[in-house]
Amino acid sequence: MLEVDLGYADGIGRHTAAGCQWVSARQEEGAVDTEKNVLVVDDDPCIVELLAAMLTLEGYQISKATSAEQALELAYHRVPDVIVLDWMMPETDGIELCRIFKKRVETSLVPVIVISANDRVRSASREAGADGWLLKPFDLDDLLTTVRKSLVKSTTARA
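Anchor point for the sequence shown: position 89 equals 88 in numbering that gives the first Met the number 0, and the numbering is continuous, going up by one each time.
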């Protein structure tokens, strides 16, 4: 079987000839509020599935988008509690998408976490209003910690 390490979470996520696959022995019971919805946005469907699997194992509900247009539509129909998006996407990049989310009344208080392999994008994402940042490849625990912290800030800001 052809298998390629994506560099996430110490090689836990793999892209295979059969598609995306997630292997995990980790799930903390009661660690998250299962009513919380995370919108995952990346133009690579395999990365979307990998991130969705990581977050689903933690108990989050997931909305998945592979384009900015799809992400905006999903957020319009169901405002997420957190948005995790990739910086490098065709048409509308993650920085511009973050700006759009922050300008829309419905999503202005929703935390946005930008992920990128380019560390130089960090300041641009902050200027666009991003609430969190992860440099690829990142550790699973870093993703989960960033999402949890963002949810705490979001809950406080909305109260």
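The C-beta atom is built at its ideal place from N, Cα and C for all residues, glycine as well.
Nearest residue (CA-CA) to residue i, options the options
i	options	result
Trp86	Ala123, Lys102 and Ile114	Ile114
Cys45	Gln60, Glu34, Thr65 and Glu72	Thr65
Glu72	Val39, Leu133 and Val151	Val39
Arg98	Ser124, Asp141 and Arg147	Ser124
Asp92	Arg147, Asp42 and Leu143	Asp42
Tyr59	Val83, Glu126, Val37 and Glu95	Val37
Leu84	Arg147, Asp141 and Val47	Val47
Burial state of residue i, where buried means 16 or more other Cβ atoms lie within 10 Å
i	result
Gly18	Low confidence applies here, because Gly18 scores a pLDDT of 47, under 50, leaving its location unreliable; read the following figure in that light. Exposed, since its Cβ has fewer than 16 Cβ neighbours within 10 Å.
Lys35	buried
Gln26	Residue placement at Gln26 is flagged as unreliable, the pLDDT there being 41, under the threshold of 50; the coordinate-derived value follows with that caveat. Classification for Gln26: exposed.
Ala16	A caution first: Ala16 carries a pLDDT of 38, below 50, which makes its placement in the model unreliable, though a value can still be read off. It counts as exposed.
Ala24	Below a pLDDT of 50, predicted positions are generally treated as unreliable, and Ala24, at 38, falls in that range; the measurement from the model is reported next regardless. Looking at its Cβ environment, which holds fewer than 16 other Cβ atoms inside 10 Å, Ala24 is exposed.
Expected contact under 8 Å - CB spacing of residue i and residue j to nearest Å
i	j	result
Thr145	Gly128	With a Cβ gap of about 16 Å, Thr145 and Gly128 do not count as contacting.
Pro110	Ser153	5 Å
Met53	Leu139	6 Å
Sequence-distant residues of the same chain with beta carbon closer than 7 Å to residue i, five excluded per side
i	result
Leu150	Lys35, Asp80 and Val81
Arg121	Trp132
Leu143	Glu57
Val78	Glu105, Thr106 and Val109
Ala51	Val39, Ile61 and Lys63
Own chain partners of residue i with C-beta closer than 8 Å, once the 5 adjacent residues on each side are dropped
i	result
Tyr75	Glu105
Glu95	Ala67 and Ala127
Lys101	Ser107, Val111, Ala127 and Gly128
Glu90	Ser66, Ala67 and Glu68
Beta-bridge partners of residue i, as assigned by DSSP
i	result
Ile82	Leu38 and Val111
Ala64	Val40
Gly131	Ile112
Close-in-space but distant-in-sequence residues of the same chain around residue i (CB under 6 Å, 5 per side omitted)
i	result
Ala70	Val40 and Ala64
Arg147	none
Met172	For residue 172 there is no data in the structure shown, the boundaries of the chain being 0 and 158.
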